[in-house]
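Worksheet: the structure to be examined is printed underneath.
Number of protein chains: 4
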Amino acid sequence: MHVCTTRVRYAETDQGGVAYHANYLNWFEVGRTDMLRTLGHPYAQIERDLDILLTVTEAHLLYRGPALYDELLRIETRITEMRKVRFRIETRIVRAEDGELLCDGHVWLASVTRDGRPIPLPEPLAGLLTAELLTEEGKTGPQAVVRG
Amino acid sequence: MHVCTTRVRYAETDQGGVAYHANYLNWFEVGRTDMLRTLGHPYAQIERDLDILLTVTEAHLLYRGPALYDELLRIETRITEMRKVRFRIETRIVRAEDGELLCDGHVWLASVTRDGRPIPLPEPLAGLLTAELLTEEGKTGPQAVVRG
Amino acid sequence: MHVCTTRVRYAETDQGGVAYHANYLNWFEVGRTDMLRTLGHPYAQIERDLDILLTVTEAHLLYRGPALYDELLRIETRITEMRKVRFRIETRIVRAEDGELLCDGHVWLASVTRDGRPIPLPEPLAGLLTAELLTEEGKTGPQAVVRG
Amino acid sequence: MHVCTTRVRYAETDQGGVAYHANYLNWFEVGRTDMLRTLGHPYAQIERDLDILLTVTEAHLLYRGPALYDELLRIETRITEMRKVRFRIETRIVRAEDGELLCDGHVWLASVTRDGRPIPLPEPLAGLLTAELLTEEGKTGPQAVVRG
Chain A
2 MHVCTTRVRY AETDQGGVAY HANYLNWFEV GRTDMLRTLG HPYAQIERDL DILLTVTEAH
62 LLYRGPALYD ELLRIETRIT EMRKVRFRIE TRIVRAEDGE LLCDGHVWLA SVTRDGRPIP
122 LPEPLAGLLT AELLTEEGKT GPQAVVRG
Chain B
2 MHVCTTRVRY AETDQGGVAY HANYLNWFEV GRTDMLRTLG HPYAQIERDL DILLTVTEAH
62 LLYRGPALYD ELLRIETRIT EMRKVRFRIE TRIVRAEDGE LLCDGHVWLA SVTRDGRPIP
122 LPEPLAGLLT AELLTEEGKT GPQAVVRG
Chain C
2 MHVCTTRVRY AETDQGGVAY HANYLNWFEV GRTDMLRTLG HPYAQIERDL DILLTVTEAH
62 LLYRGPALYD ELLRIETRIT EMRKVRFRIE TRIVRAEDGE LLCDGHVWLA SVTRDGRPIP
122 LPEPLAGLLT AELLTEEGKT GPQAVVRG
Chain D
2 MHVCTTRVRY AETDQGGVAY HANYLNWFEV GRTDMLRTLG HPYAQIERDL DILLTVTEAH
62 LLYRGPALYD ELLRIETRIT EMRKVRFRIE TRIVRAEDGE LLCDGHVWLA SVTRDGRPIP
122 LPEPLAGLLT AELLTEEGKT GPQAVVRG
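Protein chains in written order, with the working numbering: chain A, 2 to 149; chain B, 2 to 149; chain C, 2 to 149; chain D, 2 to 149.
Written out as structure tokens, the structure is:
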């Protein structure tokens with residue numbers, strides 16, 4: 002599992018007095034970006050050097066409680082499934098102060114060419130992600146799996 | 002089903018050359034806002050007069066194809082399930098020019114007090130939403146249901 | 002002067018209960034996009050066909066009053082100055098219901114290549130913008146000028 | 002001068018391949034939030050305890066160069082003028098890696114009541130801001146001033 006943090010910005014609040022629900026997808030992506038940079042394979046580099054895009058094909062979010070302005074959030078990111086073209090990432094957004102879970106969900110990311118055609122995840126990215134998944138699986142057991 | 006339109010803003014594109022995936026949640030909400038205004042019960046008024054918030058408790062999105070800058074999008078919104086406290090809205094984002102489905106998904110909205118406690122959907126809002134659901138059900142058959 | 006409208010989205014409000022101030026720059030851009038489309042030269046086409054970007058080099062905004070959720074805004078856009086590489090656009094955001102001015106300001110846009118080098122505004126774009134400026138000048142007098 | 006950092010998010014890029022220009026106002030606000038928290042007077046607390054809002058009445062931005070996805074930005078924030086109701090903050094956004102200035106500008110913030118009436122900056126906030134300004138002035142000379 003990869004962990005990073007961010008703070009709720011004023012721009013991210015809405016008139017209900019809490020963080021607007023669409024921002025969680027931005028934070029999910031902040032977590033993925035940070036994970037890939039930490040794995041030694043920044044996404045900026047993936048786009049530029051491998052000439053592929055990783056596009057979100059599905060997103061699911063469960064909102065558990067509100068995130069408030071200026072609260073420190075812990076973004077927990079882990080890979081839970083690898084396929085040839087796609088992989089699945091689970092993310093949890095937790096209030097850092099007391100560990101309360103505010104939102105959890107997952108996205109599926111697919112490797113596509115600039116004109117949108119699916120393409121197998123290139124090496125060394127596929128290998129890095131699989132290694133990360135297997136490490137995770139070693140820790141958390143059968144819920145994390147590699148499928149064909 | 003309620004229909005309105007919006008155009009993809011430059012601010013909503015990302016460096017992949019398409020609309021960033023989090024914006025679809027904003028567009029879903031544009032559709033809900035427009036539907037409630039059309040039903041004669043603007044959400045601004047709900048918050049102010051009934052002193053409740055409608056908070057998103059779950060969101061699911063399937064991304065089918067990219068939305069491009071300045072493309073006109075058709076936002077199709079319909080209520081598909083009513084409960085005491087919560088209701089479910091399905092939304093489809095369609096490219097207006099050729100009718101291609103770009104994204105579909107749903108959110109669950111819950112009625113809560115200002116301090117976040119669930120509270121039954123107040124009248125006349127509950128009645129209006131149920132009437133809209135039943136009209137929809139009459140057209141589309143058993144997939145739209147009212148549950149206890 | 003070019004006029005279009007937009008509504009304040011829930012996503013655009015902040016916990017102060019009004020539209021967050023950065024959104025006005027998005028609305029300024031909605032106005033420019035709409036103006037260029039109306040002039041017969043959509044910005045999407047400019048980027049694609051002329052292979053230039055129009056980049057904002059300066060922005061100035063005066064906030065006069067709050068824009069509220071779901072309010073209809075009138076975006077008034079006009080070109081006020083043309084140079085070889087750059088041009089200046091003034092924008093006013095007005096509450097449609099009562100005509101109250103909520104924000105006015107201007108941006109300077111510069112024509113640049115993909116790698117960021119300034120490049121003279123290409124034809125037919127330069128001609129269209131100048132024609133629009135001269136029409137405006139004819140209506141509003143000496144405040145709108147073309148400089149070398 | 003107060004310094005903090007942030008990274009350019011994918012959500013903040015546009016199809017021009019750089020950070021969209023409106024995001025700089027968000028980053029300016031991230032800098033102000035961080036400064037007030039460091040001064041011991043978080044803005045969240047100001048809104049809640051003093052029952053005032055600090056609203057942006059003017060913003061000016063000069064864009065010097067592009068910020069790219071995942072680049073680390075240094076946000077430099079300093080108070081440059083204090084009045085009874087309003088104060089002025091200058092912000093510089095600098096690429097952390099090489100110190101290149103990407104954008105500088107300022108905003109004026111005014112103290113207002115919940116219904117939008119101007120109200121003198123309350124203590125201890127006014128005192129803290131003035132102390133910060135005077136410290137700054139001691140370092141940078143006459144450009145930072147306190148006016149009546």
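For each residue, glycine too, the CB sits at the ideal point set by N, CA and C. Bear in mind that the values here come from a model prediction, so they are computed numbers and not experimental data.
Span separating the alpha-carbon of residue i from that of residue j
{"i": "L74/A", "j": "P119/B", "result": "24 Å"}
{"i": "H61/C", "j": "Y21/A", "result": "27 Å"}
{"i": "D35/C", "j": "A127/D", "result": "43 Å"}
{"i": "V4/D", "j": "M83/D", "result": "20 Å"}
{"i": "V86/D", "j": "E137/D", "result": "20 Å"}
{"i": "L110/C", "j": "P67/A", "result": "39 Å"}
{"i": "Y44/A", "j": "F88/A", "result": "15 Å"}
{"i": "E124/D", "j": "R10/A", "result": "24 Å"}
{"i": "R8/D", "j": "L63/A", "result": "26 Å"}
{"i": "G139/A", "j": "Q46/A", "result": "28 Å"}
{"i": "V19/C", "j": "D105/C", "result": "17 Å"}
{"i": "R49/A", "j": "E48/C", "result": "20 Å"}
{"i": "L122/B", "j": "G17/C", "result": "25 Å"}
{"i": "E98/A", "j": "A12/A", "result": "21 Å"}
Where residue i sits in the DSSP three-state scheme
{"i": "R65/B", "result": "coil"}
{"i": "R47/B", "result": "With the sequence shown as reference, residue 47/B is identified as Ile, and Arg is not the correct amino acid for it. Helix at I47/B."}
{"i": "E77/A", "result": "strand"}
{"i": "R211/D", "result": "Residue numbering for chain D in the displayed model covers 2 to 149; residue 211/D lies beyond these limits and cannot be assessed."}
{"i": "A145/C", "result": "With a pLDDT of only 42 at A145/C, under 50, the local geometry of the prediction cannot be trusted, and the value read off the model is given with reservation. DSSP places A145/C in coil when its eight states are reduced to three."}
{"i": "A1/A", "result": "Because chain A here runs from 2 to 149, residue 1/A falls outside it and cannot be looked at."}
{"i": "R118/D", "result": "coil"}
{"i": "A127/D", "result": "helix"}
{"i": "L54/D", "result": "strand"}
{"i": "A20/C", "result": "strand"}
{"i": "A132/B", "result": "helix"}
{"i": "A97/A", "result": "coil"}
{"i": "G41/C", "result": "coil"}
{"i": "V31/D", "result": "helix"}
{"i": "E91/B", "result": "strand"}
{"i": "E72/C", "result": "coil"}
Any C-beta of chain B under 8 Å from that of residue i
{"i": "T150/D", "result": "Residue 150/D lies beyond the stretch modelled for chain D, which goes from 2 to 149, so this question has no answer here."}
{"i": "T78/A", "result": "no"}
{"i": "G41/D", "result": "no"}
{"i": "L134/A", "result": "no"}
{"i": "L1/A", "result": "No statement about residue 1/A is possible, as the shown extent of chain A runs from 2 to 149 and does not include it."}
Any chain D beta carbon closer than 8 Å to residue i
{"i": "G32/C", "result": "no"}
{"i": "A45/B", "result": "no"}
{"i": "Y11/C", "result": "no"}
Contact with chain A by residue i, beta-carbon distance below 8 Å
{"i": "A68/C", "result": "no"}
{"i": "A23/C", "result": "yes"}
{"i": "G139/C", "result": "no"}
{"i": "E59/B", "result": "yes"}
Among the options, nearest to residue i - alpha-carbon criterion
{"i": "L69/D", "options": "R96/D, R89/D, P125/D and N27/D", "result": "R96/D"}
{"i": "I90/C", "options": "N24/C, I76/C, V19/C and E98/C", "result": "I76/C"}
{"i": "E30/C", "options": "E59/B, A23/B, L63/B and D71/B", "result": "D71/B"}
{"i": "H107/D", "options": "D99/D, I80/D, Q16/D and Y44/D", "result": "I80/D"}
{"i": "N27/D", "options": "V19/A, Y25/A and T14/A", "result": "T14/A"}
{"i": "R93/D", "options": "D99/D, T58/D and Y25/D", "result": "Y25/D"}
{"i": "A23/C", "options": "T6/D, E59/D and R49/D", "result": "E59/D"}
{"i": "L102/C", "options": "T6/C, R65/C and T78/C", "result": "R65/C"}
{"i": "T6/D", "options": "Q16/D, A12/D, R33/D and R49/D", "result": "R33/D"}
{"i": "M2/B", "options": "T78/B, G100/B and Q16/B", "result": "T78/B"}
Minimum Cβ-Cβ distance from residue i to chain C less than 8 Å
{"i": "D71/B", "result": "yes"}
{"i": "R1/B", "result": "This structure gives no information on residue 1/B, because the portion of chain B shown stretches from 2 to 149."}
{"i": "L26/D", "result": "yes"}
{"i": "G18/A", "result": "yes"}
{"i": "G100/D", "result": "no"}
{"i": "R103/D", "result": "Correcting the residue identity first, residue 103/D is Leu in this sequence and not Arg. No, because no Cβ of chain C sits closer than 8 Å to the Cβ of L103/D."}
Proximal chain F residues relative to residue i, where beta-carbon distance stays under 7 Å
{"i": "L110/C", "result": "Within the model displayed, chain F is absent; protein chains A, B, C and D are what it includes."}
Cβ pair count under 8 Å reaching 3, the segment 54-69 of chain A against the segment 104-120 of chain A
yes
Taking 8 Å as the cut-off, does the segment 122-134 of chain A touch the segment 36-48 of chain A (at least 3 CB pairs, one atom from each stretch)?
yes
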